[in-house]
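K.L.:
The following block contains the structure, expressed as structure tokens.
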Amino acid sequence: TLLTDITHATTGAKGIGVATDLPAGVTASWAGDEITISGTPTASGTFNYSIPLTGGCGTVNATGTITVNPLPVGTLVADDVDNTICAGDQVIFTASGGSSYEFFVGVTSVQGPGASNTYTTTSLSDGDVVTVRVTDVNGCTDTHAGITMTVETVDSPTILGPVEACNPSSVSYTVTDPGSYTFLWTVTNGTIVGSDTNSTVDVLWDTAGQGTVSVVITSLNACINSNNITVDVSNVVDTGTINSSSSLTRR
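If you read the sequence shown in our numbering, its first letter stands for residue 1404, the second for the next number, and so on.
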């Protein structure tokens, strides 16, 4: 952190000699009867400095003490160990290393600064970087490098198949663009024939009325979405058989 300038007024001096025991990164300069100590310390500790004045009578030194507090070391962890979540999942971030914390998503401050060292969210997007600025009791700060989140979004599946069927009839339904998902089909007012875990399902409609076909898809990261369609099932109309006969009599 940049040091607030420290100044010493001088009288009768023509300049300064080599300063001793200033923190690394800090220097002293003289101009207009004033010594200015400035810079950014790169080491912590207590430094009792001495700066000799030149050009006056006798030996005169400007002295003082600079205390440089160590920077806090902020830590940040997410409760999702691999930092990969499904869209809308809750994630809790926990920081440590200070007395005050300010959380950011990207460059946007989303919480703090304050005493709470946890940040909970359900609104992350893929590639978001969550960081925290940690401040200690001395006002020194450290900003954690951040955690990059992978957020998977699973689109609602599209079901292809007829929405009108006869009773009885066997009909197939399928998911477009099945991708690398697993499937689980369910129906109402009908019966699944064969497997209910493929991208295509066969349904026997054997009851008139309104039925539904539903599917839940699950990704490799256990992210899910679902969809359903309504099917109108009608009885087959029996047209019967028409017999006709006639006789002709000549008179």
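Even for Gly, the Cβ is constructed at its ideal location relative to N, Cα and C.
Counting pairs of beta carbons, one from the region 1425 to 1443 and one from the region 1479 to 1493, are three or more of them closer than 8 Å?
P.N.:
These segments do not touch.
K.L.:
Using a 10 Å radius around the Cβ and a threshold of 16 neighbouring Cβ atoms, would you call L1623 buried or exposed?
P.N.:
Exposed, since its Cβ has fewer than 16 Cβ neighbours within 10 Å.
K.L.:
Which word fits T1495, buried or exposed, when buried means at least 16 other C-beta atoms lie within 10 angstroms of its C-beta?
P.N.:
The sequence given here places Ile at residue 1495; Thr does not occur at that position. The residue is exposed, with fewer than 16 neighbouring Cβ atoms inside 10 Å.
K.L.:
Could you tell me the alpha carbon to alpha carbon distance between L1607 and C1626, rounded to whole angstroms?
P.N.:
Those two C-alpha atoms are separated by around 30 Å.
K.L.:
Closer than 8 Å by C-beta to S1512: which residues in its own chain qualify, once you throw out the five before and the five after it? Chain order, please.
P.N.:
Once the five neighbours on either side are set aside, the close Cβ partners of S1512 are E1505, F1506.
K.L.:
When you compare only the Cα positions, how much space is there between I1454 and I1409?
P.N.:
About 12 Å.
K.L.:
When we look at the beta-carbon of T1534 and count the other beta-carbons within 10 Å, is it buried (16 or more) or exposed?
P.N.:
Label assigned to T1534: buried.
K.L.:
Alpha carbon to alpha carbon, how far is S1629 from D1558? Give it in angstroms, no decimals.
P.N.:
Spanning the two alpha carbons is a distance of roughly 9 Å.
K.L.:
What three-state label does DSSP hand Q1493 in the structure shown?
P.N.:
Note: Q1493 maps to coil in three-state DSSP.
K.L.:
Taking its Cβ as the centre, do 16 or more other Cβ atoms sit within 10 Å of V1636, making it buried, or is it exposed?
P.N.:
Counting Cβ neighbours within 10 Å, V1636 comes out buried, since at least 16 surround it.
K.L.:
Excluding the five sequence neighbours on either side, which residues of its own chain have a C-beta within less than 7 Å of the C-beta of T1497, listed in chain order?
P.N.:
Cβ neighbours of T1497 beyond the five flanking positions: V1480, N1520, T1521.
K.L.:
Judging by CA-CA distance, which residue of S1575, T1470, A1416, T1579 is the nearest neighbour of N1541?
P.N.:
The residue with the shortest Cα to Cα distance from N1541 is T1470.
K.L.:
So, do the region 1441 to 1452 and the region 1423 to 1432 have three or more beta carbon pairs nearer to each other than 8 Å?
P.N.:
Yes, the region 1441 to 1452 is in contact with the region 1423 to 1432.
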